[in-house]
Structures are given as C-alpha cells and as structure tokens.
Amino acid sequence: MNNKTSNNVTLKTLALTTLISPALLFAPVKVHANGYHFLHQSAEGLGSAYSTNGTAANDISAMFSNPSSIARFDGTRFSIGGVLDMPTSKLKNPLATAPYSSGTVSVTGYPVEPEQPIDTAYGSALYFTHEYQPGLVFGISVGAPYAYVSDYPDTAVSRYTATKTALFAYNVSPTVAWQLNDQWSVGASINMQYYTVELGTMVATSVTSPSISTDVTSTITGKDLAFGFSLGTEYQMTEDTRFGLSYRSKISHSFDGDVELSGSDANYAALVSAASALGVTITSRTGSAQFDIATPSMLQIGVLHKLNDKFELYGNANRFGWSAFTDTTVTYGNGLADTVVDNNWHDSWFVAVGMGYQYSQDIKLRTGFAYDWNPTPAGAVSPRAPNNDRWNVGLGMSYQYSEQVKLDFGYQFIKFTPVTIDLEGGNNIPRGTLSADLDLYAHIFMAQFNYAF
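In mature numbering (1 follows the signal peptide of the UniProt record, and there is no 0), the protein residues as written are -33 to -1, 1 to 420.
The structure is reproduced here in structure tokens:
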C-alpha cells in the first residue's frame, strides 16, 4: 500500500484496498553467496568452496571473480561448464492469518507442510580468451551470476505471501587484462546484465473468510538490461605466493513490467466491486508494473600460497553490498494501489579457505570450507527465498587429459542454519502474518571442459 495513504482512512478501507493490490507478493526477494548470488561459475571454484576465487583458479573461468587473472594465460583458450544445483527444502509448522485481521482470522491450506518448494536449478558458463600480444589478453564470459526459483502450491497457507518466484540475471562480460610486469597485472570488464523477474502470489478477496475457492492469482513479470563494471589486479609477491583484489559494481535495474490478475470471473468481479465501493477503479485484469531492483557490489580478496610441489593453500574473502537492496516500490497502471516494501538488507561477508594436492602429474585434488553470513535482517526473511547463515564444504578434481585439454569436476554441500520466518506487522499487514520454520540444504555438482588452442 502506498505510504502516503491519509491517516483518516479506516482500517476496512486499508484492508480492502490492499486486497486489490497484488504487489503484496513483494516480500523481500533475493534480489542468492548469500542473498541469491549464484557463485557456481567454475568447477575449480565449486570444488574448493570458492576459496580459489580471486586469484588461485588455474583456468580462464578465473575472469568471473577477477578480470586481471586472464593475463596469466597465453594463446587462445576456451572453457565451458555446466552445473546442477539440487536443494532439499521443507516448510514446517506454518501459521498464517488473513490480511488486516489483527491475527484473529487463521488461514487454512494444503499441503500443511509444503515439501521441496525450492526448485532444482541448472546453469552453465562459457569463457573465451585470446592473447592479442604478449601480456595483453582479451576475453569474454557468459553466465548467470544471479539465479533463483521457488514455487509454493497455490493452496498452501503461505499463498498470500509467496507462490512462484523466478529471478534470473544473465551476464555477458567483455574483458581485457594487461600484464604490467613480472609481479603486477590489471584487468577490467563491462558487465551487461539482462534480468528477468516473475513473482506470483494469491490475493484474498475477503478479510473475514479467506478461502482458496475465492482467491485471485496475481503475477508480476518484468525484464531489464543494465550495465556495470568489474576491476581487478593480481600481485605475484613471490614465486610461491600471489594475491588478488577485485571489485564488481552494483547494477541497478528499472523494470517496466506487467501485472496480471487471473481467476474466475466471479472472483475477479468481487475485487472490482470492492474497489469501486471504495472509489478505486480497476480498469482491467492486466496493466503495467514498474519497480527497481539492484544487484549488489562485490569486493573480493584472494590469496594463493604454494607450500611445496605437492600442496598449496587458498584463501578468499568477499564483501557483498546487499545494503543496495533497500525499499521496493511497485507502481501499477491499471488502478491497483502502489506497494512499498522495506527490505533493509545489510552488507555481508563470505570467507573461504581451501587446499590443493597434486596427486600425480595429471591429477590435482582440492577441497575447501566456507562460511556465508546472512544479509537479511530478522523479521524480513521470506519463504520466497529463505535465507540464513550457511556453511559450504567442497571437493574437486582437475584432470590434465592432454596438453590442450583439462577437465574439472566439483562437488559442494551447503547447509543452512535453521531458517525462521516471522513476518509480523509493517509491510506484512496487507498480506497477513506468516510464521514458519524451514530446513534447507543443497548438493551441487559441476563439470567443466577447458581447451587451449
């Protein structure tokens, strides 16, 4: 609901006006490291719990985390990887109340405890580099650094908070890197990001007796192309020790999307009638929906240290600028009330350590451990994309099949600290309250093919 609503509007008016505003679906979305950042852009990185990100990766996929890293690779090279993300999730003990019912009208639904609302995800990444002249390397990467899908039944008790969520940010990054001398290299990328959004929820048509049979479905969709940049440097301090520092800018997206109200003619007519009685005119089932979302900045430092010919150590730390994800305001073009959501996320840290072992001339093994801090404040965690602190364990292997071909394989297990959803008051009043617990963990697999021409 628009924050500028006058103070003399009655509770009933507020309630009914909100019921016809589908953007109540805009519970804080992961707009995934923590948040909804999809770090699985490299099999080496995945298998080391991302501890090789920043400076230690030994193929051109390193440009994703630090554009200067490709200055280390001569000739012409190509790399492609595929990832399978298999989460296991269950919403437990959900309790919900109807919009503006002051917690007195319970919402019923089925299944009582939805299982597997967070979907299995597939992804891929592609990289290409060419050494234009000694020390000067051009490259390009294509991937999806931000991706998230969840889907709750339209009949669940959580339906007034979230049903479908699908967020994808596809990134194309032309890159250049320059080896300044034996110790220093620098690099830069332009990040062209195409972002698509689909957000669904159910809208109750009655405050006193919400019912699955009388609900209306609301869906918001949008897409936008926006630009950012990445900068990076690597410093080879000694023959055995290297540091990397990189920065990825925030990218601000402005969506000129659409909203659609779907359901039976009788249920839609009930919304139109309720709105008309309040002096609000719904002009159609569809209309425009305008809103802004920003993907965060990322400051990263990485370190590689070779202990001897067999063992090497990795370290990585990231500071994610999730404080860029503040208020979300949705403005509609078909008579629906505006919606304002206060997200108030804060910046967060991701820290990883790992180790590599040269098992044989052709095989290198690696492992890593990471901890990822939650950027979502208490009271803002949503079933749309549940969030909490998490820890990661990775295992990986590289196989140098030939002088030209290297194959990488990575596995990672991610376990979330038990997630508590407690949406009370404030922006949650329009869609009613929701409390629940959620168990969440994931198995992730990635394979990568690297070719040097």
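Virtual Cβ for every residue (Gly too), placed ideally from N, Cα, C.
Residue i burial status per 10 Å Cβ neighbour count (16 or more: buried)
i              : result
asparagine 148 : exposed
alanine 345    : exposed
histidine 410  : exposed
asparagine 60  : exposed
isoleucine 85  : buried
valine 79      : exposed
leucine 103    : exposed
lysine 277     : exposed
glutamate 391  : exposed
isoleucine 330 : exposed
proline 101    : exposed
valine 226     : buried
Residue i (DSSP reduced to helix, strand or coil)
i              : result
asparagine 234 : helix
proline 84     : coil
asparagine 359 : strand
threonine 75   : coil
proline 34     : helix
lysine -4      : A caution first: lysine -4 carries a pLDDT of 34, below 50, which makes its placement in the model unreliable, though a value can still be read off. Note: lysine -4 maps to coil in three-state DSSP.
threonine 122  : coil
serine 240     : helix
leucine 13     : helix
alanine 29     : helix
Reference residue i, options the options, closest by Cα
i              : options                        : result
leucine 303    : Leu332, Gly48, Thr87, Leu238   : Leu238
glycine 321    : His7, Ser18, His97             : Ser18
glutamate 201  : Leu271, Val297, Gly106         : Leu271
threonine 163  : Ser176, Ala111, Ser156         : Ala111
histidine 220  : Arg209, Asp191, Gly246         : Asp191
valine 348     : Glu80, Ser229, Asn311          : Asn311
residue 458    : Thr130, Pro120, Ala123, Phe210 : No answer is possible for residue 458: the residues shown for the chain start at -33 and end at 420.
residue 426    : Thr400, Ile107, Ser73          : No answer is possible for residue 426: the residues shown for the chain start at -33 and end at 420.
tyrosine 326   : Gly49, Leu390, Val318, Gly363  : Gly363
threonine 262  : Met159, Gln100, Pro54          : Met159
tryptophan 340 : Phe416, Arg44, Lys382, Ala23   : Lys382
glutamine 257  : Ala291, Thr296, Gly230         : Thr296
valine 143     : Thr128, Phe40, Asn355, Ser117  : Phe40
glutamine 83   : Met413, Leu405, Gly254, Tyr368 : Leu405
residue 425    : Ser216, Asn285, Ala236         : Outside the shown range of the chain (-33 to 420) lies residue 425, about which nothing can therefore be said.
glycine 49     : Ala63, Glu11, Tyr115           : Glu11
tyrosine 113   : Gln8, Ser229, Ser240           : Gln8
tyrosine 324   : Trp145, Tyr366, Tyr408         : Tyr366
DSSP bridge partner residues for residue i (one or two, in chain order)
i                 : result
glutamate 370     : In DSSP, glutamate 370 forms no bridge with anything.
phenylalanine 420 : Phenylalanine 420 is not bridged to any residue.
threonine 142     : Gly106, Ser156
tryptophan 316    : Arg286
residue 440       : Only positions -33 to 420 of the chain appear in this structure, which leaves residue 440 out of reach.
residue 428       : No statement about residue 428 is possible, as the shown extent of the chain runs from -33 to 420 and does not include it.
threonine 168     : Ser185
### Query
Do the stretch 176 to 183 and the stretch 200 to 218 meet, that is, are 3 or more Cβ pairs less than 8 Å apart?
Taking 8 Å as the limit for Cβ pairs, the verdict is that the stretch 200 to 218 does not touch the stretch 176 to 183.
### Query
Is the stretch 14 to 28 touching the stretch 120 to 139, taking contact as three or more C-beta pairs under 8 Å?
No contact exists between the stretch 14 to 28 and the stretch 120 to 139.
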